[in-house]
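S.K.:
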Amino acid sequence: MGLMFKDETYRGDFTFYNSPEAIRHFPFPFHEDKYMYAVNIEPHAPGPKGSAYEFPIDVDEHYVADMKDRAIVLAEDPLRCQSLPHMITAEWDLVELLMTSMSEAYPEHFTLTRNGDAWHWINRPLGIDDEFTFGDTSTLRYPPMEYITRQCQGDFCLLDQRDGDLWMDSGMVTSQADWSLDFDIGMSFKEWHAPVPLAHEVGIFDRALKFLLAMQIGRPVRRLNWTMTINPRLDTSPENYHKWGTDRTTVTPENVGDKVHLRVELQALWRLPRSNAIVFSIRGYLIKMREVATIPKWSRRLHRVLKTLPPELAAYKGLTRYQQMTIDWLAKHDDGAPTTPGVWPE
Amino acid sequence: MSAPAEIRVRVTEAEAVTPAIKRLKLVPVTSNALPDFSGGAHTVVHYTDGPRHVRNPYSLMGSPFDSSAYQISVLRVPDSRGGSALIHDSVNEGTEITITSPINLFPIDRRARRHILIAGGIGITPFMAMTAQLDREGADFQLHYAMRCRDTGAYWKVLQGLYGHRVHTYFDDSNQTLPLTRLLDGQPLGTHLYVCGPAGMIDWVLKTARHAGWPDENVHYERFAAPPPGNTFAVELAKSKRTIEVGPRESVLEAIEAAGIEPQFLCRGGACGQCETAVVCADGTLQHNDHYLSDDEKASGKKMMICVSRFEGARLVLDL
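Read top to bottom, the protein sequences are chains L and E.
Mapping to our numbering: the first sequence position 193 is 193, numbers consecutive.
Residues are numbered in our numbering as their position in the second sequence, beginning at 1, plus a constant of 346.
#1: Quick one: residues in its chain with C-beta nearer than 8 Å to the C-beta of S414(E), no 5 flanking neighbours on either side, listed in chain order?
#2: With a cut-off of 8 Å on the beta carbons, I'd call G615(E) and C653(E) a contact; round off their distance for me.
#3: Three or more beta-carbon pairs under 8 Å between the region 532-545 of chain E and the region 558-565 of chain E, yes or no?
#4: Ends of the alpha helix (DSSP H) at T477(E)?
#5: Could you give the first and the last residue of the continuous alpha helix (DSSP H) run that contains R304(L)?
#6: Thinking C-beta only, is V375(E) closer than 8 Å to V391(E)?
#7: Looking at chain E, which residues of the region 259-275 of chain L have a Cβ within less than 8 Å of any of its Cβ atoms?
#8: Please classify F678(E): does DSSP put it in a helix, a strand, or coil?
#9: Can you tell me whether DSSP reads Q161(L) as helix, strand or coil?
#10: Cβ of L529(E) within 8 Å of Cβ of I454(E)?
#11: Quick check on the DSSP output: what are the complete alpha helix (DSSP H) runs of length 4 or more inside the region 54-142 of chain L, in order along the chain?
#12: CB-CB under 7 Å to F28(L), same chain, minus the five flanking residues each way: which ones, in chain order?
#13: Using 8 Å for Cβ pairs, my map puts C152(L) next to G171(L). What's the rounded Cβ distance?
#14: Determine which residues share a DSSP beta bridge with Y516(E) and list them.
#15: By DSSP, does W179(L) sit in helix, in strand, or in coil?
#16: Do we get a CB-CB distance below 8 Å when we pair G257(L) with the residues of chain E?
#17: Return helix, strand or coil for R321(L), following the three-state DSSP convention.
#18: Whole angstroms is fine: what's the gap from P472(E)'s alpha carbon to A584(E)'s?
#19: Three Cβ pairs or more, each shorter than 8 Å: is that satisfied between the region 542-562 of chain E and the region 572-582 of chain E?
#20: Along the region 193-216 of chain L, where does the CB come closer than 9 Å to a CB of chain B? Name the residues.
#21: If I follow the unbroken alpha helix (DSSP H) through D641(E), where does it start and stop?
#22: Pull out every residue of the region 438-451 of chain E whose Cβ sits closer than 7 Å to any Cβ of chain L, in chain order.
#23: Provide the residue(s) that pair with H25(L) in DSSP beta bridges, ordered along the chain.
#24: Please tell me whether Q417(E) has its Cβ less than 8 Å away from any Cβ of chain L.
#25: For the candidate residues D117(L), A118(L), M99(L), whose alpha-carbon lies nearest to that of T111(L)?
#26: Helix, strand or coil for A387(E), going by three-state DSSP, please let me know.
#27: Identify every residue that forms a DSSP beta bridge with K371(E).
#28: Quick check: is the beta carbon of T15(L) nearer than 8 Å to any beta carbon in chain E?
#29: Using a beta-carbon distance cut-off of less than 8 Å, what residues from the region 149-172 of chain L approach chain E?
#30: Counting only C-beta atoms, is H86(L) closer than 8 Å to chain E at any point?
#31: With distance defined between alpha-carbon atoms, name the residue in P143(L), A105(L), E96(L) nearest to H120(L).
#32: In the DSSP assignment, the beta strand (DSSP E) including M651(E) goes from what residue to what residue?
#33: When DSSP labels each residue in this structure, what does I602(E) get in the three-state scheme?
#34: Any contact between the region 389-408 of chain E and the region 428-445 of chain E? By contact I mean 3 or more CB pairs, one from each, below 8 Å.
#35: Is D395(E) helix, strand or coil by DSSP?
#36: Are E312(L) and P197(L) close, meaning C-beta to C-beta below 8 Å?
This is the structure:
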């Protein structure tokens, strides 16, 4: 059975919402009633059917709308997609990874036919049918990374590995939680993580970097990160802060359920075969408080997590202004009952 | 994540390329294709024959564009701990062995406008894969390959046939010396240097390049130390509450593995840092043989790379 792609918006009239299936598909990030920053890296292994982890690259009902939103962002700001010249091999590695994953997981929507370097790619939801020569950039309408990431949900960064470090030398970043590729491009692993509070002191980035440098082909890993977003906006970039920053002043006790969204990033990393680079994918999922409340365990837990969140983290995530209103709204959906361990609905 | 993923392979070709070098072609036993890899990657070969045992890293020397088979070259080391001799003696066409998924600790720096590859002896193997990749990608490269003599040098004719004037050979017995100083002089900005070979050669190249003003970031090397032999010593493992004896010709890592414990590792040559182990107590002298820990870390006595480093003294306790 194919997915039903919705016609919806992440700006203007904000018609985005989740169907009941999409709510259950949501990668709820809290496995207990409190939260502290952690490396929390695990193998990116297939998860339960219907979950966001079922396939290596997740495509869901928001696919077509996500890709439309990306095209709008790129038309306004082409610097959201940048790639340093030495990353071209990694770009082709990414084309192979995404086309292979998408066509194997969703054959009714995507088809890849390979005959040596002669490739044929069909993307039915977006109406694309292209033949091209793998490795020959002149045969695609965009450079390889841009071509394929205009057709894949989530942001993508390609990290070059050299001198015992990782370097953010390439990326397609249009749906980010307040960070900028244009600012970070060319930075090392610790440079681009510099703004994160608390984690440096406990050595989290030393351990994470050492782990990532040793990543093997065919053994992808993932972690979750989260924040909150007012209105269902994919593009909450520093470049557009003037458009979305003031959204945070519009939250009232009456509109929390519809305006406040939990934003979860499913971050996955793969070693790329021929470039030895790493792809870092950041797939953002949004869910309204009203939708969270349809899963009793999740609303109980989110209420308790927000109540006990360290203030530094609340400030870093930009929640301070509406945190209490959200806690008060969620309190009505928390009867104090104990929650079961793990992230899955009861 | 613990030890790397293992793949069962069958030897389909075993060729004595020279009297001391055996080339093995490896194909997967249960699938059609091996994982893709990049030039400079290595695999760890794991093979047991009765009491004899080998678990050594070897560079992948086939083309990165052929995932149907891997190729490695094994040099028989005369005073070796027996690993390379075991492969020479017992691994033949049809033998099944286990290898790890490839890891690249010696990758091509793709910012380079020119690549100068310097090989000594068996150090040619990572460059076999690198030249295949650089050639296909249309990169500017040259290979400088020093050997003892024409008979014991491997693959130089093949490489000359493939890459012509881009391959420069130097034979000791003809008094040909690699003209390193001249080679390093006058290279365009953005040239990168790669060296793999005997320890003395790597030291010579690194020192000469630094003296000539080359930035460290432009100089790359692959240095796998074989675990050196030494005296027998005991290791107490604090977490597993066991005491293991490390024999004169085995490493701490090998002794621990023989006891059924599987610590993390990747290169088994003191280069990658994965087997870094905290030292709980060392009443004696840690013999650091790795190229990973900094001098300060070595002096602190708090860490040890168990793949190559040894100990001499009264008591060693590791956090394992």
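Every residue, glycine too, gets a C-beta built ideally from N, C-alpha and C.
Here the structure is a predicted model, which is why all the values come from computation and not from measurement.
M.R.: On the basis of the supplied data:
#1: By one-based count along the second sequence, residue 414(E) stands at place 68. V373, N378, A379, L380, listed in sequence order.
#2: Here the question's residue 615(E) lines up with position 269 in the second sequence. Here the question's residue 653(E) lines up with position 307 in the second sequence. Rounded, the Cβ-Cβ distance is 7 Å, consistent with contact.
#3: yes
#4: Position 131 of the second sequence, counting from 1, holds the residue named residue 477(E). Run containing T477(E): 471-482, per the alpha helix (DSSP H) assignment.
#5: Counting from 1 along the first sequence, the entry for residue 304(L) is found at position 304. Counting along the chain, the alpha helix (DSSP H) containing R304(L) begins and ends at 296-307.
#6: Taking the first residue of the second sequence as 1, we reach residue 391(E) at position 45. Taking the first residue of the second sequence as 1, we reach residue 375(E) at position 29. Not a contact, by the Cβ cut-off of 8 Å.
#7: P273, R274, S275
#8: Residue 678(E) cannot be examined here, being either before or after the span of chain E that is shown, 347 to 666.
#9: Start at 1 with the first residue of the first sequence, and residue 161(L) comes out as number 161. Q161(L) falls in the strand class under three-state DSSP.
#10: Within the second sequence, the letter at position 183 stands for residue 529(E). Within the second sequence, the letter at position 108 stands for residue 454(E). No, Cβ-Cβ distance for L529(E) and I454(E) is not below 8 Å.
#11: 63-76, 88-105
#12: Mapped onto the first sequence, residue 28(L) falls at position 28. Hits under 7 Å: W298, V343.
#13: Taking the first sequence and counting its residues from 1, one reaches residue 152(L) at position 152. Taking the first sequence and counting its residues from 1, one reaches residue 171(L) at position 171. Incorrect: roughly 13 Å between the Cβ atoms, too far for contact.
#14: Numbered from 1 along the second sequence, position 170 holds the residue referred to as residue 516(E). In the DSSP output, where bridge partners are listed per residue, Y516(E) has A492(E).
#15: Here residue 179(L) refers to the residue found at position 179 of the first sequence. Of the three classes helix, strand and coil, the one that applies to W179(L) here is coil, per DSSP.
#16: In the first sequence, the residue the question calls residue 257(L) occupies position 257. Chain E contact via Cβ: absent.
#17: Here residue 321(L) refers to the residue found at position 321 when the first sequence is read from its first residue. Helix, per DSSP.
#18: For the purposes of this step, residue 472(E) is identified with residue 126 of the second sequence, where counting begins at 1. For the purposes of this step, residue 584(E) is identified with residue 238 of the second sequence, where counting begins at 1. Taking the straight line from one Cα to the other gives about 38 Å.
#19: no
#20: Absent from the structure: chain B. Protein chains present are L and E.
#21: Within the second sequence, numbered from 1, the residue matching residue 641(E) stands at position 295. Taken as a continuous stretch (DSSP letters only), the alpha helix (DSSP H) holding D641(E) covers 641-646.
#22: S447, P448, I449, N450
#23: For the purposes of this step, residue 25(L) is identified with residue 25 of the first sequence, where counting begins at 1. The partner list for H25(L) (beta bridge, DSSP) is empty, contrary to what the question assumes.
#24: Your numbering for residue 417(E) matches position 71 in the second sequence. Answer no: the Cβ-Cβ gap between Q417(E) and chain L never drops below 8 Å.
#25: As a position in the first sequence, residue 111(L) is number 111, starting the count at 1. If we check each option's Cα against that of T111(L), M99(L) comes out closest.
#26: Within the second sequence, residue 387(E) is the residue found at index 41, counting from 1. The answer is strand: DSSP assigns A387(E) an E or B state.
#27: Working through the second sequence from its first residue, we reach residue 371(E) at position 25. Bridge partners of K371(E): E359(E), Q417(E).
#28: Start at 1 with the first residue of the first sequence, and residue 15(L) comes out as number 15. So no, T15(L) is outside the interface.
#29: D160, Q161, R162, D163
#30: As a position in the first sequence, residue 86(L) is number 86, starting the count at 1. With 8 Å as the cut-off, H86(L) counts as an interface residue toward chain E.
#31: Counting from 1 along the first sequence, the entry for residue 120(L) is found at position 120. H120(L) has its Cα closest to that of E96(L), out of P143(L), A105(L), E96(L).
#32: Position 305 of the second sequence, counted from the start, is the residue given in the question as residue 651(E). Here the beta strand (DSSP E) through M651(E) covers 649-651.
#33: Locating residue 602(E) in the second sequence gives position 256, counting from the first residue. In this structure, I602(E) counts as helix in the three-state DSSP scheme.
#34: yes
#35: Residue 395(E) sits at position 49 when you count from the first residue of the second sequence. Three-state DSSP puts D395(E) in a strand.
#36: On the first sequence, position 312 is the one that residue 312(L) refers to. On the first sequence, position 197 is the one that residue 197(L) refers to. Against a cut-off of 8 Å, the Cβ pair of P197(L) and E312(L) comes out as a contact.
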